[in-house]
Amino acid sequence: MEYIWAGLLAIGFVAGILSGRLEEVTKAAFDSAGRAVELSIGLLGIICLWSGLMKIMEKSGVINIIARMARPFLRILFPQLIGNDRAMGAIVMNLAANFMGLGNAATPLGIKAMQELQKVNTRKDTASDAMCMFLVLNTSAIQLIPATVIAIRSDAGSAAPAEITSCIWAASLCASIAGITAVNVFRRLGKVGQREIPGQGDRSLVPPGGTRDLSPCPGKLYHQPGRRVRGRPLSYGNGNAEKKKTG
Amino acid sequence: MFLSVFSAISLYAVPVIILAILASGILRNVKIYEAFTEGASEGISTVIKILPQLVGILTAVGVFRASGALDFVIKLLTPAATLLGIPAEAMPLALLRPVSGSASLALVSDIIREYGPDSYAGRVVSTMMGSTETIFYTLAVYYGAVGIKNIRYTLAAALIADGVSVIASAWICALVFGR
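If you're matching them up, the sequences are chains A and B in order. Heads up, the numbering used here is the position in the first sequence plus 164, with the first residue counted as 1. Heads up, the numbering used here is the position in the second sequence plus 15, with the first residue counted as 1.
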């Protein structure tokens with residue numbers, strides 16, 4: 165993220181100087197910053213509303229029911245989350261809201277899912293594999309009715325504004341498959357560089373009760389398929405500060 | 016018919032979901048108003064956490080776009096895109112889409128108005144718009160909300176999916192409607 169951000173800004177300003185558009189570029193910087201605040205404030209009410217409704221669902225146990233229904237599908241994509249009903253429930257709700265095209269509802273639910281994933285994340289400043297999978301699914305997800313596009317097309321006088329719907333489904337499906345494949349490939353590649361260091365992966369170093377192993381077989385932490393092996397025992401609240409970001 | 020059924024579904028979806036949530040709370044003896052306010056106050060801290068991230072990302076993206084750097088990249092990539100079967104008219108959208116949702120929407124309306132909604136280019140940009148997402152914004156909001164700094168391979172994987180979507184949009188439209 166560090167490099168991407170610096171790169172966008174640096175290239176932008178240098179290109180602005182080269183093209184003599186420096187004034188517009190500076191104006192764009194301030195305008196965008198203002199727009200970001202407007203966006204956040206616009207989100208404030210909706211996020212509070214859905215966070216409140218999510219809380220009711222959590223307390224009434226509906227989340228667990230939803231998570232259980234989607235488990236067969238999600239366990240393939242999120243092997244790390246088996247048994248973690250709150251995270252799975254939030255993920256399902258977000259994907260369902262996306263599918264229905266309820267953008268306003270989808271964002272708060274997705275944030276909720278991220279917060280649940282962060283609870284079981286071992287390095288708090290680094291994305292877990294489950295987070296990567298969730299976001300790639302989220303950005304490539306299929307939308308049942310592409311309402312905005314249909315509206316634009318009918319507004320422009322199309323003979324059949326909704327005829328592209330099936331094309332959108334097919335293209336989205338291709339994107340989802342490509343995204344899931346990419347995440348799996350990257351995950352494997354990442355593992356090669358992060359082999360278990362002898363001794364450090366020893367379970368005796370894991371503080372008793374100090375891990376949040378939500379899998380059905382606690383203790384098998386280092387042997388689960390799909391679970392990233394990290395070169396240090398899982399511990400909470402410490403050891404994260406010295407791990408500085410690299411991406 | 017197809018459309019009116021779907022618009023009815025989207026009209027009723029949110030109220031029905033909210034009512035179902037309230038009913039489930041009452042059935043399970045949850046203090047629903049108390050739970051609601053508790054959740055809502057958590058929502059405030061979430062938004063405060065997102066705000067700085069959004070300012071950062073949207074500013075960088077705004078600068079990149081206004082400087083003309085994006086247009087330059089578009090020009091650079093157009094020959095390769097043509098080779099892949101993506102119409103040149105759709106190229107600006109393909110690159111703008113992951114970066115800015117509102118600008119993409121404006122661009123789609125523009126392209127559709129210029130080439131016609133039922134032209135090849137019009138269909139391809141419609142499909143592209145519907146099957147892709149504003150990746151940078153999504154990542155900023157979701158990772159910002161939980162304070163993730165190192166996003167590892169997320170952007171790369173999301174962009175791969177996006178690229179596949181763009182190419183698939185062009186190919187599928189050519190297949191279904193012809194050029």
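Cβ atoms here follow ideal geometry from the backbone N, Cα and C, with glycine treated the same way.
Classify residue i as helix, strand or coil using the three-state DSSP reduction.
i	result
N248 (chain A)	coil
V45 (chain B)	coil
N285 (chain A)	coil
D366 (chain A)	Confidence at D366 (chain A) is low in this model, with a pLDDT of 38, below 50, so the placement of that residue should be treated as unreliable; the coordinate-derived value is given next. Reduced to three states, the DSSP call for D366 (chain A) is coil.
G193 (chain B)	coil
D319 (chain A)	helix
E148 (chain B)	coil
A324 (chain A)	coil
A173 (chain B)	helix
G209 (chain A)	helix
S82 (chain B)	coil
S115 (chain B)	coil
Q412 (chain A)	Chain A is shown from 165 up to 411; residue 412 (chain A) falls before or after that span and cannot be answered.
G178 (chain B)	helix
S134 (chain B)	coil
I101 (chain B)	coil
L266 (chain A)	coil
F242 (chain A)	coil
G184 (chain A)	coil
G225 (chain A)	coil
F194 (chain A)	helix
V178 (chain A)	helix
Could you name the residues of chain A that residue i contacts, counting a contact when the two beta carbons are closer than 9 Å?
i	result
I101 (chain B)	Correct list: empty, because the minimum Cβ distance to chain A is about 12 Å.
M106 (chain B)	None at all; the shortest Cβ gap to chain A is about 16 Å.
A109 (chain B)	Residues of chain A passing the Cβ test: none, with the nearest at roughly 12 Å.
Y135 (chain B)	Neighbours of Y135 (chain B) on chain A: none; closest Cβ ~12 Å, over 9 Å.
If I'm right that residue i touches residue j with Cβ under 8 Å, what's the distance once you round it to whole angstroms?
i	j	result
L120 (chain B)	L203 (chain A)	15 Å between Cβ atoms; not a contact.
Y130 (chain B)	E104 (chain B)	6 Å
A200 (chain A)	Q244 (chain A)	Contact flag wrong, Cβ pair sits at about 32 Å.
V140 (chain B)	I126 (chain B)	5 Å
S146 (chain B)	A346 (chain A)	Not confirmed; about 16 Å, so no contact.
I175 (chain B)	T142 (chain B)	Actually they do not touch by this definition, with Cβ atoms about 18 Å apart.
State the beta-bridge partners of residue i as determined by DSSP.
i	result
N165 (chain B)	A:T290
Please list the partners that residue i has in chain B, where partner means a Cβ-to-Cβ separation under 8 Å.
i	result
F350 (chain A)	R167, Y168, A171 and A172
V256 (chain A)	Within 8 Å Cβ-Cβ: nothing; V256 (chain A) doesn't reach chain B, min ~13 Å.
D249 (chain A)	Those do not exist, as D249 (chain A) stays about 15 Å from chain B at its closest Cβ, beyond 8 Å.
A291 (chain A)	Y158, I163, N165, I166, R167 and T169
Report the neighbours of residue i on chain B: residues whose CB is nearer than 7 Å to its CB, in chain order.
i	result
M218 (chain A)	G54
R199 (chain A)	L73
G253 (chain A)	Chain B residues near G253 (chain A): none, gap ~12 Å exceeds 7 Å.
A445 (chain A)	In the structure displayed, chain A extends from 165 to 411; residue 445 (chain A) sits before or after that span and is not available.
N228 (chain A)	By Cβ distance, chain B contributes nothing, its closest Cβ being about 11 Å from N228 (chain A), past 7 Å.
One question on the structure: do residue i and residue j come within less than 9 Å of each other, judged by their Cβ atoms?
i	j	result
F177 (chain A)	V181 (chain B)	no
N262 (chain A)	D249 (chain A)	no
G58 (chain B)	I47 (chain B)	no
M297 (chain A)	A254 (chain A)	no
P94 (chain B)	Y135 (chain B)	no
T61 (chain B)	N302 (chain A)	no
L207 (chain A)	A75 (chain B)	no
P325 (chain A)	M144 (chain B)	no
N165 (chain B)	A291 (chain A)	yes
A50 (chain B)	G180 (chain A)	no
A269 (chain A)	V29 (chain B)	yes
P67 (chain B)	G159 (chain B)	yes
A183 (chain B)	C338 (chain A)	yes
A155 (chain B)	I72 (chain B)	yes
A81 (chain B)	R185 (chain A)	yes
A173 (chain B)	G354 (chain A)	no
L308 (chain A)	M278 (chain A)	no
P107 (chain B)	L91 (chain B)	no
T329 (chain A)	I314 (chain A)	yes
G54 (chain B)	E222 (chain A)	yes
L241 (chain A)	A231 (chain A)	no
I306 (chain A)	I341 (chain A)	no
A251 (chain A)	S124 (chain B)	no
If the cut is a Cβ gap below 9 Å, which residues of chain B does residue i touch?
i	result
P272 (chain A)	G58 and T61
R185 (chain A)	A81, S82 and G83
Give me the chain A residues within the contact set of residue i, using Cβ-Cβ distance strictly less than 8 Å, ordered along the chain.
i	result
G40 (chain B)	I220, M221, K223 and S224
D177 (chain B)	T303, S304 and A339
R43 (chain B)	K223, S224 and G225
At 7 Å on the CB atoms, spell out the chain A contacts of residue i, in chain order.
i	result
R128 (chain B)	A320
Near-chain C residues of the region 311 to 332 of chain A - C-beta to any C-beta below 9 Å: Among the protein chains in the structure shown, which are A and B, there is no chain C.
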